[in-house]
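Written out as structure tokens, the structure reads:
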């Protein structure tokens, strides 16, 4: 009988996987959280320590560039130096069902507890429905005492934002984490919600680096953001040319 | 493993939580029942005695005005004086799934039975699809012998209303409550269904107060209703101005 | 903990509830099967012997003409004389979920087996998408040897009808019944699919009476069919008048 | 209590059902995989050895040309000669729910393991959204070492195709099969996605025959493909005539 969720750890039993903080960057609005977490993992050279599979993920395989099919999975990476010990939660999908979100998040927290996590950062995008210039990083916490630290790092608490709450793992990790005594901070980069948004991820990363007291080279992420800007400019020009063309027919 | 539903009682085991009647005001059409129950709780000074969390609630957290995230929860409050001992059921959400409605309602009734509830009032709105002046309070009961008492308090039994039955906890508490020997009365304030409707809640509260034989100061609720009236008037004026503008283009 | 399905039998253990045939008339297209089964029960004076409730029914209560709320339920009635012993399955709803259909039908068959059922008739409507004059009764069986008997009674086996199969309890009782060694015959009265169709029910009943070798007074059902005809004629006249009005504006 | 999935094997315990490879051709885009697998079974004279039924299939029966109703089922066929021993998985439906896909595929693999399967071929269509002349057979594998063999047989690995992954049993058999040490190759014939496409099935079969080193007479499948071509030509001619008619009104 297939398990609802399976967690496979790599390495031997004697490996020390203990961590202090967890950073979640699963897929979501504008892939803002996912890009930020994956960029950070890459820059730090984090190592994969576990894989999570579940019947709550969509019923399909993903095919990589080489034509090899893989079951959807979420992954746990780890990075440790003298200053920080971080567990990363990244992956292919969030749950496809409402109940699955609760059950998967509970499993993520089982892993976090096993590794000794004391604080969780969840990263995401905050869709505003239009293109924006000055990107704010909106925050929410699961304990009021965390607010000062968050504000000092450049994130803001905005009245009535996010109005509809925080949906999925980014929200439930704060809510269910609090019941296990873990501090939780959700950082959401503002984004249009229409495109993959590395620029918003970059703003998110600036706040997160400051909070963690570590510096992350953001060159690659800025490069992706620049490419996206060029792409958006072209799109705007094309739109404009199309409109002028239509007008010339009329005029 | 996360529980489907968790119920956490506050206080010590020696606390006397026994009640005689239960009043349900969960979210629904026009928030009519929710506003009425919450206003009553506030005026009476009811105290929270338990919280209910469930994987049948939407998979998200709610963020309060201070930026603190909370798991969705329903709550049990209690008020007792020499005349009445009331258990209130209020909260953030109803179930997101059909089966969840049955399972959650069964849990609400477990709590009610534990507290000794003999009668349940469920409060809701009855959406009619247009703005109304004279708001009726429509009733349904789970035992025919309750009808006279209900009619004497000003609620009405309207032929073929509600035609589609009563959906969610307000309905199932009557149906499943009957199987446990509890009297059940559902009171539904007529409402357009388009807006949050404190005016309808106020009408509901008038009937309920009379049935319970207690007086509730409805000043605050009337104030909210007045504010909503002003807001609606402005909306109508704006609509009218817009129509006149359009006509002036034509005329 | 609430059961997924509960079956409550009335009467004492010494009651003889044994039957030979089962007739299912749950809600469906045009309520054709439901009307036929309920009319037959009424004419024969069948008696209720059991009620079925389930979390697979929609999460609501139904309110009767007197304002009394009832949990949705399906019901088992029984009629027996020297010639026939019939178990009827009628009620408020079919399952709201796919899996629920299988699980509920399995429960219906548990009851049928307990009562000694050897043959099942399932009654339904066959929606054709337009008003029809000559109503055929389309049949399907779960054993080829039953076809001659069915054809002799006036029902027809129509190539490629029903093309999409038979959905819900009417179909699954045949399929799952076969695995328990029960004969199964599904009779479907043609109907537009737009209205409640007592005329189609009447045709269905004519075939069923002949198969069972009992006569059922169909006066009441014919009366309802006539009323519906009058209603449809009026509707047509109104449509025609409206069209003529529109034409007079143009001409 | 009805089982979620039931598997019924035919024959006696002493029967040797062992196989080396499995071919899956369940319903999907253009029925490309289904037609290919069923044609191959017929030409080889494969024999049915097991049937699978499940509450995850749609809640209905299918009615055959003779008017006999059958529960939806998937079927296991077997063919063996001196060169090959093949298990076929074909049938009426895939799962109706996301979780059901995982659980059913797990059952398919239990059967495969029992029969000794070492390699799985899953067959399907790859919908491109327009009619095509030169049909490619797109491939995906669950182990990179299988690619050369696949390419040598005429299938292609196309960058970013299929972009959205492979949904349903064709995908999950590769993903979950890998965890059991079985080789997996998915072959997808390009197809418009609008019609049942025997021509695409025929291309699929050519690749598969070559990989298996057996020759399959494809005359019948080509005949069906020709009939479909004639049908499509007629459709195009009718469309053209209709357009010319409309133009003659204007000109």
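Chains as they are written, first to last, in our numbering: chain E, 1 to 251; chain A, 1001 to 1251; chain V, 2001 to 2251; chain L, 3001 to 3251. Where a beta carbon is used, it is the ideal one built from N, C-alpha and C, also for glycine. The model shown is predicted, which means the values in this text are computed figures rather than measured ones.
With respect to the C-alpha of residue 2154 of chain V, the residue from V:2166, V:2167, V:2140 having the closest C-alpha is V:2140.
Residues are counted here when their Cβ sits less than 8 Å from a Cβ of chain L; for the stretch 86-107 of chain E these are 96, 97, given in chain order.
Residues are counted here when their Cβ sits less than 7 Å from a Cβ of chain L; for the stretch 2153-2173 of chain V these are 2157, 2159, 2162, 2165, 2166, 2167, 2168, 2171, 2172, given in chain order. DSSP, reduced to helix, strand and coil, places residue 7 of chain E within a strand of the structure shown. In the displayed model, residue 1159 of chain A falls within coil according to three-state DSSP, outside both helix and strand.
Membership of residue 1075 of chain A in the beta strand (DSSP E) is indicated by the continuous run 1074-1080.
Taking all protein chains in view, the Cβ of residue 3152 of chain L is surrounded by fewer than 16 other Cβ atoms within 10 Å, so the residue is classified as exposed. DSSP places residue 1050 of chain A in the strand class (E or B) of the three-state scheme. Under a 10 Å Cβ-count criterion, residue 2234 of chain V is classified as exposed, with fewer than 16 other Cβ atoms of the shown protein chains found around its own Cβ. Beta-bridge partners assigned by DSSP to residue 121 of chain E: E:23, E:185. For the 8 Å CB-CB criterion, residue 123 of chain E and residue 192 of chain E do not form a contact. For residue 3204 of chain L, the closest C-alpha among the options L:3021, L:3030, L:3036 is that of L:3036.
Residue 1112 of chain A and residue 2055 of chain V have their C-alpha atoms spaced approximately 20 Å apart.
Secondary structure of residue 1066 of chain A (DSSP, three-state): coil. By DSSP's assignment, residue 1113 of chain A forms no beta bridge with any residue. Under DSSP, residue 88 of chain E forms a beta bridge with E:23, E:77.
Judged by DSSP secondary structure, residue 207 of chain E falls within the alpha helix (DSSP H) whose first and last residues are 198-212. Taken through DSSP and simplified to helix, strand or coil, residue 1060 of chain A comes out as strand.
Residue 1224 of chain A is positioned such that its CB atom lies no closer than 8 Å to that of residue 1109 of chain A. Put simply, of V:2070, V:2016, V:2101 the residue whose alpha carbon is nearest the alpha carbon of residue 2087 of chain V is V:2016.
According to the DSSP secondary-structure assignment, residue 3167 of chain L is paired through a beta bridge with E:60. The Cβ of residue 1187 of chain A sits no closer than 8 Å to any Cβ of chain V.
Around residue 1209 of chain A, the same chain offers 1215, 1216 as residues with beta carbons nearer than 7 Å, after the five sequence neighbours per side are excluded. Taking a cut-off of 8 Å for Cβ pairs, the stretch 2003-2012 of chain V and the stretch 2052-2068 of chain V touch, as three or more such pairs fall below it. Taking one beta carbon from each stretch, the stretch 2078-2096 of chain V and the stretch 2012-2030 of chain V have 3 or more pairs nearer than 8 Å; the two touch. If you look at residue 1137 of chain A, you'll find it in the beta strand (DSSP E) that goes 1137-1141. A Cβ of chain L is located within less than 8 Å of the beta carbon of residue 2175 of chain V. In this structure, the alpha-carbon of residue 30 of chain E lies about 6 Å from that of residue 125 of chain E. Contacts with chain V at 8 Å (Cβ-Cβ) do not include residue 1210 of chain A. Around the CB of residue 3159 of chain L, fewer than 16 other CB atoms lie within 10 Å, so the residue is classed as exposed. In the structure shown, residue 2194 of chain V falls within a coil segment according to DSSP collapsed to helix, strand and coil.
Minimum Cα-Cα distance from residue 3102 of chain L among the listed residues L:3077, L:3167, L:3121 corresponds to L:3167.
Of all residues in the stretch 1044-1070 of chain A, only 1055, 1056, 1058, 1059, 1060, 1061, 1062, 1063, 1065, 1066, 1067, 1068, 1069, 1070 place a beta-carbon less than 8 Å from a beta-carbon of chain E. 139, 140, 141, 142, 143, 144, 147: these are the residues of the stretch 138-150 of chain E whose beta carbon lies less than 8 Å from some beta carbon of chain A, given in chain order. Between residue 80 of chain E and the set E:171, E:46, E:63, E:104, the nearest pair of CA atoms involves E:46.
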